[in-house]
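Here the structure is laid out as structure tokens; the discussion comes afterwards.
Number of protein chains: 2
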Amino acid sequence: MFSLNFNDDEDLFVQLYEFIKAEIISGRFSKDMMLPSKRNLADHLGISVNTVMNAYDNLIDEGYIYSKERVGYFVSPVENILNIKTKNINREISRENNYKYNFDLNKNSDFAFPNTNFKKVLNEALFEQKELNERDDKGLYSLRSSIKNYLKSARNVDVSEEAIIISSGMEYLFQILFYILPEDTIFGLENPGYREIKNLLEMNEKNYIYQDIDESGIVIKNKDITSLLITPSHQFPTGNIMPIGRRIELLNYVQKTGGYIIEDDYDSEFKYYGRPIPALKSLDGPDRVIYISNFSKSISPTLRVSFMVLPKNLLEKYESIKPFYNCPVPNIIQISISKFIDEGYFEKHLNRMRRIYDDKRKFALSFFEGDKLYRVIDKKAGLHFILEIKADLSEKEIENAMADRGIFIRGLANYYEGEIKYKYPRMIIGYGNMSERELEEAIEIFKEIINSLSDK
Amino acid sequence: MFSLNFNDDEDLFVQLYEFIKAEIISGRFSKDMMLPSKRNLADHLGISVNTVMNAYDNLIDEGYIYSKERVGYFVSPVENILNIKTKNINREISRENNYKYNFDLNKNSDFAFPNTNFKKVLNEALFEQKELNERDDKGLYSLRSSIKNYLKSARNVDVSEEAIIISSGMEYLFQILFYILPEDTIFGLENPGYREIKNLLEMNEKNYIYQDIDESGIVIKNKDITSLLITPSHQFPTGNIMPIGRRIELLNYVQKTGGYIIEDDYDSEFKYYGRPIPALKSLDGPDRVIYISNFSKSISPTLRVSFMVLPKNLLEKYESIKPFYNCPVPNIIQISISKFIDEGYFEKHLNRMRRIYDDKRKFALSFFEGDKLYRVIDKKAGLHFILEIKADLSEKEIENAMADRGIFIRGLANYYEGEIKYKYPRMIIGYGNMSERELEEAIEIFKEIINSLSDK
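In the order they appear, the protein sequences are chains G and C. Residue 341 is where the first sequence starts when you use this note's numbering, and the numbers rise one by one after that. Residue 341 is where the second sequence starts when you use this note's numbering, and the numbers rise one by one after that.
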């Protein structure tokens, strides 16, 4: 019954355990069958009683056998064992198309990550033994405090640490918002605007209505809308800045509906002349603005850190659900970002990046200057501009032709819900992701392709 | 009109900008009022035309004024400005009760964080320029690959990298599961068991039914249940190990319902004798087990990294929603953990922690040995044991008396839905969070309190 050859690769008790287990699974050792006593089996196999005991103990733990005191060991009643086997899911090769050049406006430079200084604060963070072990669902107090100071000085937003909640990407902040916003919220969304948000809202069975923007931003025509999701500092993707008049109009509107404005301040750090545009939140007397921002563009998208400022009444609601959504950002990263801000690296990094991006912007723009085929719609901010091509081409046609040559580029229509209202194709030139050399190569290929397409 | 005293603290153009803005907000400069020309104002204030231009440009950007070409600058029609002011939410002091001693079973040691080695891999990670900039919604391939190898060797779970999804805490994994599990899922939950999950399910309007456990684990009495959330390796909080018979029974059950078993393998690393209990997933021939685990107990809860393995058909569903939930874990942390595993630090750390926790466990147990007032329910695994106190006391009474003396401790009843079925109070002794000295102090006070309570 126990014809077992031991090898040297594994502990004896494990080999015995595996053997008995296999016999039971195969059905060769049947239900309630009595196993040899430990001493008998040890003698039979020429191993120690201890080894047998170890194997039996493990089999008991896992329920393969059971023991009756002073009687012996028996095979457990394991009714019908299904097709027990380890299943190996085949690895599906789903490699993304690797573009050589990428005009995606959601990326920033590989070389932008502030390695040296971030390494410095990371190492400092490792010594913050106490903070490394703290837990706070809103995020560490130290980081909220750094963000508070940053918001005050850079965005003219004066809030308390208590009102700040740190999380991962925007979708995780919305996960919280979905629970604390009024149940009957109907979101007004900018058209054109972010597309991902639509899917997120639909997946969560939330109501939304797209509203066209004009030069000043969203225009509310459908009065069913109760809350707004807008990008006042730099409309995404057109780059328009919302003037004070429209800002106040919208604040008045949500005060009447009892709703909120969600202000997505996604790239306000990048304005290349004059003062930064103040956040709408800085005007928020009625306390109805939820301010959302992140460190994706200002430090790195791979840090996956965003944050929001809640109005007081939403904060109170948040306190009641807080325990179910722990802050997903590792402490070490929170401490590092806090130090990065407090020790002045953040400002230095932003200044450096502003210069780099401004240089790239000017460099990219220079290729289209004086060329009547192109009209640049440039708002002097952010990490992209819009390029109108005065030719009878469709954006899809251009996108496809570019993809064939290894260039990722999107037309503005991708950000529209419903019909587009402009004539000529408008392509989005995100320049943050490429070096000047890459930009030059990419734009030259781009122009070559446009020429050959319009010649046809 | 422009009685303005400049100071040295700020740029002149900013001071001018602020002055004009304040005049407009206050209503002193009224709608459509014409402003002086740049030259006139410059002369009047004794500053450069450039400075005035900068101020005007910013005011135009923000919509406070507008310009008519060849006519001049005018105050914008900003209808009724509401109570514009910066609102400062008072900081609410909500300091948690700071306990001196903590028997919480969800914490582990401050001194457990593997500082030196984690610092090493963190620094190495900073050089992985390419990976630092990669994006993968499931988590970085390198970390999934490390987890795959770990699961194979340590948990006997043989899956592909493609089936592994990395996220933050368990609640974020559930956020994904809620979208991909069948809509009519009715979850069967262990009683006693995790309490947080109940709230999460309710907030997401999911159906669930508590089922009592016996020595072998959950017993399904209500056949409406379609899917199960269980802790087979080490039932939470009783510590029971689910025997093979029950495992197969449950696998057969969900195969019939078309549902899934969510296996929470939360602390399987900590078993102090014999072989680790294999994961239920290792038996998953029918491919109906969702395996969930995390690095909270094995590295640090402050890393906030968990992961799951999806069965093939759920994986296909996941692929369709993937874009809306980006992996929330910073790349630098993912790379570090991957290196931590691959370079052998993880195993070393686990071995070290197993020894530390085993020592602590024995140390804590030694205080109750031979004392007839206490019965220890110890399953020789995990980071806690259950202590039954044979006295006519309620758990609440004990909790409160302990809290008064600075000790955080919970009774088992906190993990029960409905009536409890045992007579004497059962307290949970989580020993992972304290040093031996603290344990000694805490247990001595504990025993003192129990004595004085039972004397009354």
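From the three backbone atoms N, C-alpha and C, an ideal C-beta is built for every residue, glycine too.
Just by C-beta distance, which residues in the region 630-644 of chain G are closer than 7 Å to chain C? T642, L643 and R644
Just tell me which of E609/C, T566/C, I749/C and D744/C has its CA closest to the CA of N691/C. E609/C
Alpha carbon to alpha carbon, what distance is there between R475/G and Y441/C? 16 Å
Restricting to runs no shorter than 3 residues, where is the beta strand (DSSP E) found entirely within the region 602-685 of chain G? 629-634 and 646-649
Considering H384/G, what are the terminal residues of the alpha helix (DSSP H) in which it resides? K378 to L385
Candidates I768/C, F680/C, E759/C and F686/C: which alpha carbon is nearest L723/C's? I768/C
Which chain G residues sit within Cβ distance under 8 Å of P670/C? T642, L643, R644, V645, V669, P670 and I673
For the structure I just gave you, are there three or more beta carbon pairs, one from the region 504-511 of chain C and one from the region 669-687 of chain C, closer than 8 Å? yes
Run through chain G and tell me which residues come within less than 8 Å of R586/C, C-beta to C-beta. G403
State yes or no: is the C-beta of L655/C within less than 9 Å of the C-beta of E536/C? no
Of all Cβ atoms in chain C, is any one closer than 9 Å to the Cβ of K459/G? yes
Chain G contact for R368/C (CB, 9 Å cutoff): no
What do you get for H384/G, buried or exposed, if any count of 16 or more other CB atoms within 10 angstroms of its CB means buried? exposed
When you compare each of E523/G, Q674/G, F748/G and D498/G to Y481/G by their alpha carbons, which one comes out closest? Q674/G
Does D401/C come out as helix, strand or coil in the three-state DSSP assignment? helix
Output needed for D477/C: all residues of its chain with C-beta closer than 6 Å, excluding positions within five of it in sequence on either side, in chain order. K662, N666 and C667
Where P797/C falls, given that 16 or more other Cβ within 10 Å makes a residue buried: In the structure as shown, chain C starts at 341 and stops at 796, and residue 797/C therefore has no counterpart that could be examined.
State yes or no: is the beta carbon of V392/G nearer than 9 Å to at least one beta carbon in chain C? no
Can you tell me where the beta strand (DSSP E) with E728/C in it begins and where it stops? H724 to I729
In chain order, what residues of the region 547-578 of chain C put their CB closer than 8 Å to some CB of chain G? S556
Alpha carbon to alpha carbon, how far is R694/C from I681/C? Give it in angstroms, no decimals. 16 Å
Closer than 8 Å between beta carbons: that is the criterion. Which residues of the region 492-516 of chain G meet it against chain C? N496, V497, D498, V499, S500, E501, E502, A503, S507, S508, G509, E511, Y512 and Q515
Which residues of the region 730-754 of chain G have a Cβ closer than 7 Å to any Cβ of chain C? Give them in chain order. none
Please return the same chain residues whose Cβ sits closer than 6 Å to the Cβ of Y406/C, not counting the five positions on each side in sequence. F414 and S416
For the region 469-521 of chain G, list the alpha helix (DSSP H) runs that are entirely contained and at least 4 residues long, ordered along the chain. 469-472, 481-495 and 510-520
Would N531/C pass as a contact of E757/C if the rule is Cβ separation under 9 Å? yes
Specify, as a first and last residue, the run of the beta strand (DSSP E) that Q551/G falls within. N547 to D554
Drop a sphere of 10 angstroms on the beta-carbon of G386/C, count the other beta-carbons inside from all chains shown, and report buried for 16 or more, exposed for fewer. exposed
Selection from E363/C, V354/C and E409/C that minimises the alpha carbon distance to V392/C: V354/C
At which residues does the alpha helix (DSSP H) containing F786/G begin and terminate? E776 to D795
Three-way DSSP call (helix, strand, coil) for V559/G in this model: coil
G599/G to I717/G, Cα distance in whole Å? 33 Å
Among E687/G, F686/G and G770/G, whose alpha-carbon lies nearest the alpha-carbon of L727/G? G770/G
On the DSSP letters alone, give me the boundaries of the beta strand (DSSP E) that Y413/G sits inside. G412 to V415
Distance, D607/G Cα to A619/G Cα: 11 Å
Would you please verify whether the beta carbon of P765/G is less than 9 Å from any beta carbon of chain C? no
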